[in-house]
Amino acid sequence: MDPYRYLPFLSRKVMQAWAERERPPERVSWTPLNRPLSQCRVAMISTAGIALAGDEPFAEQAERDDPWRGDDGWRTVPATATATDVGIHHLHIDRTPIEQDLEVVLPARRLAELAADGVIGEANRRHFSIMGYILDATGLVTVTAPELGAELAADDVDLVLLVPV
Amino acid sequence: MGLVANVVEDLGIPTICLSLIPPLTRNTGAPRVVGVAHPMGLPLGLPDHAAQQRAVLQAALEAGAAMTEPRSYTELPFEWPERRSQAIREPDPPPPIAQLLTSKPWLLPKLISGHLPDPVR
């Protein structure tokens, strides 16, 4: 596949440069999956900046004020949420298709169908979202990711799917 | 995304990263990466295309679950059903950083290098 095929010109140049800049770390973490997929409780983390209506939105205005810094927090999204229950707080994507159907970025209904058909064991009762435009990953790595890990562990999640946007 | 995956794996939970830009995700050290050649903003497929969304989700989970060692990578065989010009959907207005770089293009190297300007006060 050409991984840059569907990117507009500037995004393509930046993503290519970032991919070349990143050096794979010497150590990569690894937890084996010790049970078949059909017995796993699965949760998802979307990077689409999804916040439940009524929860604090990801900080759009702060990014408009300082375009170098995106909101590096996280939010919970109940597995029952649909597009009308949430806001999409991500300024780098066309939100129209997501506002029509949340499944394009957080396929909670599709995951429940896979559970009903026995492909996975169970869909977790909630999923999570971060907002993917983070240039300085310090807070993401030191605060957000450990907190997400703790939430996932509290839910006895066996497998996590991270979904890009 | 790979950075988050590493932390979660360290806490004892296996992860699979679906990726639209596999070279970038793989270079961030993601343990299990499944690439799909879909446009930005539409990782699972088109809105209200349940069969497409489900096929991608199931394939990603099955491919990731079958991986047995760190830095594994699989590319899903799906082809996007639109022409490239249709598939690229840009936000309106453009992202703040794109607006800034349009007016101050000399800042582009900062975006690429990651040496960011000091926070605005």
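Top line first, the protein sequences correspond to chains A and B. Numbering that gives the first Met the number 0 applies: residue 0 is where the first sequence begins, and numbers increase by one. Numbering that gives the first Met the number 0 applies: residue 0 is where the second sequence begins, and numbers increase by one. Where is the CB? At the ideal position from N, CA and C, for every residue including glycine.
- Around B:G11, the same chain offers no residue with a beta carbon nearer than 7 Å, after the five sequence neighbours per side are excluded.
- Per DSSP, A:F57 is not a residue of any beta strand (DSSP E), being assigned neither H nor E.
- Residues of chain A whose Cβ lies closer than 7 Å to the Cβ of B:A4 are, in chain order, L161.
- By the rule that beta-carbons nearer than 7 Å mark a contact, B:P42 touches chain A.
- For B:G1, the enclosing alpha helix (DSSP H) has its first and last residue at G1 to D9.
- Assignment of beta-bridge partners to A:L160 by DSSP yields A:M43 and B:I15.
- Within the region 69 to 101 of chain A, the residues whose Cβ lies closer than 8 Å to some Cβ of chain B are L90, H91, I92, D93, R94, T95, P96, I97, Q99 and D100, listed in chain order.
- In the structure shown, B:W105 falls within a helical segment according to DSSP collapsed to helix, strand and coil.
- With contact defined as three or more Cβ pairs closer than 8 Å, the region 80 to 90 of chain B and the region 34 to 46 of chain B are in contact.
- Contacts between A:A107 and chain B, judged by CB atoms closer than 7 Å, are missing: the closest CB pair is about 10 Å apart.
- It is roughly 15 Å from the alpha-carbon of A:D100 to the alpha-carbon of A:V162.
- If you draw a straight line from the Cα of B:E89 to the Cα of A:Y5, it comes to about 11 Å.
- DSSP places A:G86 in the strand class (E or B) of the three-state scheme.
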